[in-house]
């Protein structure tokens, strides 16, 4: 349990004996990668709190433990993966010139790679679409990266990134489709495993590209094999659900207009085999459920989460989740970030 009042930031850390399982999937990505990531991000990434609320428990009908990545540096879990990826890259090139990196992102990973590069002493070139919110463009520049604006299409982003790779000799840092990114994101669960007294029966994680979900799957299924890991996804961007049901990778053929803008990207090729092998279920939620659940956290917990984080909350509050086994009593939910675009938020409040 988390000792204290109904809304409590847990500082309790204790030792649990890990299960000796080297790998839970055959995709060449194991708990060892996550443990190494823990060491690399130490001193850079924030150990974010786990919080609880009696009001949220009552509404969910279960005890819910919220992993608050909105308190992570840059306001998103993405910073974990960015630091691990860049730190390992620098380790591998320590006998040569320091590498520079590039990525294309319109959101949280852009800011995360910019700050990670600043802290670790690497040059970063961040490609963003010209229509990206000005506040996000400003943040990338303030974190020390060189901002490159491109045509607001997938082809435009890739072309601009490829030009940086060719002209600057930069290493491309994917937003999610790389095991080093996934390993960094998996540290969320290893932290949570130590922070919560109760054995978690299930954990819910939002899914877009699948980097965070993959990292959590490998960490959770290794440290606690009986845990149920459930992906949460907007109905308007439900390619993970479709893939899960069809048992084959199905990509979106459009750019979904969901309020959960961090989850608009399709489930990636690197993530899919891990998700296919390990995820227990995928729950989709409507736009109205996302909005209401986001506002519910604002009201009940006074936490300013973004709608992408509200997707996991909507899933734990959903009838489908409530209909699952009564043996699921303690549930972890990843609040993946708190980077709200105030201007777009005005359209749905």
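Numbering (UniProt numbering), first residue to last: 1 to 349. Beta carbons: idealized from backbone N, C-alpha and C, even for Gly.
Return the residue from the list 136, 265, 213 that minimises the CA-CA distance to residue 154. Taking the first residue of the chain shown as position 1, residue 154 is located at position 154. Taking only the C-alpha atoms, the option nearest residue 154 is 265.
Could you give the distance in angstroms between the alpha-carbon of residue 56 and the alpha-carbon of residue 103? Residue mapping note: residue 56 aligns to position 56 of the chain shown, counting from 1. Residue mapping note: residue 103 aligns to position 103 of the chain shown, counting from 1. Cα-Cα distance, rounded: 37 Å.
May I have the straight-line CA-CA distance separating residue 326 from residue 189, to the nearest angstrom? Within the chain shown, numbered from 1, the residue matching residue 326 stands at position 326. Within the chain shown, numbered from 1, the residue matching residue 189 stands at position 189. Approximately 23 Å, taken between the alpha carbons.
Taking the straight line between their C-alpha atoms, what separation do you get for residue 117 and residue 64? Residue numbering aside, residue 117 sits at position 117 when the chain shown is read from its first letter. Residue numbering aside, residue 64 sits at position 64 when the chain shown is read from its first letter. CA-to-CA, the gap between residue 117 and residue 64 works out to about 35 Å.
Ends of the beta strand (DSSP E) at residue 306? Position 306 of the chain shown, counting from 1, holds the residue named residue 306. That residue, residue 306, is in no beta strand (DSSP E); it is neither H nor E in DSSP.
Residue 202 lies in the beta strand (DSSP E); which residues open and close that run? Translated into the one-based positions of the chain shown, residue 202 becomes position 202. From DSSP, the beta strand (DSSP E) with residue 202 extends over 202–206.
Residues that residue 335 bridges to, as DSSP identifies them: Taking the chain shown and counting its residues from 1, one reaches residue 335 at position 335. Beta-bridge pairing links residue 335 to 68.
For residue 323, count the other beta carbons within 10 Å of its own beta carbon; 16 or more makes it buried, fewer makes it exposed. Which is it? For this step, residue 323 is matched to residue 323 along the chain shown. By the 10 Å Cβ count, residue 323 comes out exposed.
Residues bridged to residue 148 [DSSP beta-bridge criterion]: Here the question's residue 148 lines up with position 148 in the chain shown. Under DSSP, residue 148 shares a beta bridge with 127.
Roughly how many whole angstroms lie between the Cα atoms of residue 315 and residue 98? Sequence index remark: in the chain shown, residue 315 carries index 315 (1-based). Sequence index remark: in the chain shown, residue 98 carries index 98 (1-based). Straight-line Cα distance between these residues: approximately 43 Å.
Residue 59: which of 340, 321, 96 sits nearest, CA to CA? Mapped onto the chain shown, residue 59 falls at position 59. Of the listed residues, the one whose Cα sits closest to residue 59 is 321.
Pairwise C-alpha distance: residue 173 and residue 226: Here residue 226 is taken as the residue at index 226 of the chain shown, counted from 1. Here residue 173 is taken as the residue at index 173 of the chain shown, counted from 1. Within the model, the alpha-carbon separation for residue 226 versus residue 173 is close to 33 Å.
Quick one, are the C-beta atoms of residue 69 and residue 335 less than 8 Å apart? For the purposes of this step, residue 69 is identified with residue 69 of the chain shown, where counting begins at 1. For the purposes of this step, residue 335 is identified with residue 335 of the chain shown, where counting begins at 1. In this structure, residue 335 lies closer than 8 Å to residue 69 by Cβ.
When the distance is taken between beta carbons, is residue 156 closer than 8 Å to residue 181? Taking the chain shown and counting its residues from 1, one reaches residue 181 at position 181. Taking the chain shown and counting its residues from 1, one reaches residue 156 at position 156. No, Cβ-Cβ distance for residue 181 and residue 156 is not below 8 Å.
Just tell me which of 175, 192, 191, 124 has its CA closest to the CA of residue 164. The residue given as residue 164 occupies position 164 in the chain shown. Of the listed residues, the one whose Cα sits closest to residue 164 is 124.
Alpha-carbon spacing of residue 30 relative to residue 206, whole angstroms: On the chain shown, residue 30 is found 30 positions in, with the first residue counted as 1. On the chain shown, residue 206 is found 206 positions in, with the first residue counted as 1. So the two alpha carbons sit approximately 21 Å from each other.
Have a look at residue 224 and residue 50 and give me their C-alpha separation to the nearest angstrom. For the purposes of this step, residue 224 is taken as the residue at position 224 of the chain shown. For the purposes of this step, residue 50 is taken as the residue at position 50 of the chain shown. Cα to Cα, the separation comes out at about 18 Å.
Which residues in the same chain as residue 71 place their Cβ atom closer than 7 Å to its Cβ, once the five residues preceding and following it in sequence are excluded? Working through the chain shown from its first residue, we reach residue 71 at position 71. The residues are 46, 48, 49.
With residue 273 as the anchor, note down where its alpha helix (DSSP H) starts and where it stops. Here residue 273 corresponds to residue number 273 of the chain shown, with the count starting at 1. From DSSP, the alpha helix (DSSP H) with residue 273 extends over 271–278.
Report all residues from its chain with a CB closer than 8 Å to the CB of residue 308; omit the five preceding and five following residues, and keep chain order. Sequence index remark: in the chain shown, residue 308 carries index 308 (1-based). If we look at residue 308 and ignore the five residues flanking it on each side, its Cβ neighbours are 206, 208, 260, 261, 262, 263, 336, 337.
Shortest alpha-carbon distance to residue 41 belongs to which of 78, 53, 54? As a first step, residue 41 is located in the chain shown; it is residue number 41 there, counting from the start. Looking at the Cα atoms, 78 is the closest of the given residues.
Indicate whether residue 213 and residue 202 have their beta-carbon atoms separated by less than 8 Å. Here the question's residue 213 lines up with position 213 in the chain shown. Here the question's residue 202 lines up with position 202 in the chain shown. Going by C-beta atoms, residue 213 is not nearer than 8 Å to residue 202.
First and last residue of the uninterrupted beta strand (DSSP E) at residue 197: One-based indexing of the chain shown puts residue 197 at position 197. No beta strand (DSSP E) contains residue 197, which DSSP labels as neither H nor E.
Should residue 255 go down as buried or exposed, given a rule of 16 or more other Cβ atoms within 10 Å for buried? Numbered from 1 along the chain shown, position 255 holds the residue referred to as residue 255. When all chains shown are included, residue 255 counts as exposed.
Helix, strand or coil: how does DSSP classify residue 283 here? As a first step, residue 283 is located in the chain shown; it is residue number 283 there, counting from the start. Strand.
Residue 234 - partner residues in DSSP beta bridges: Numbered from its first residue, the chain shown carries residue 234 at position 234. Residue 234 is bridged to 285.
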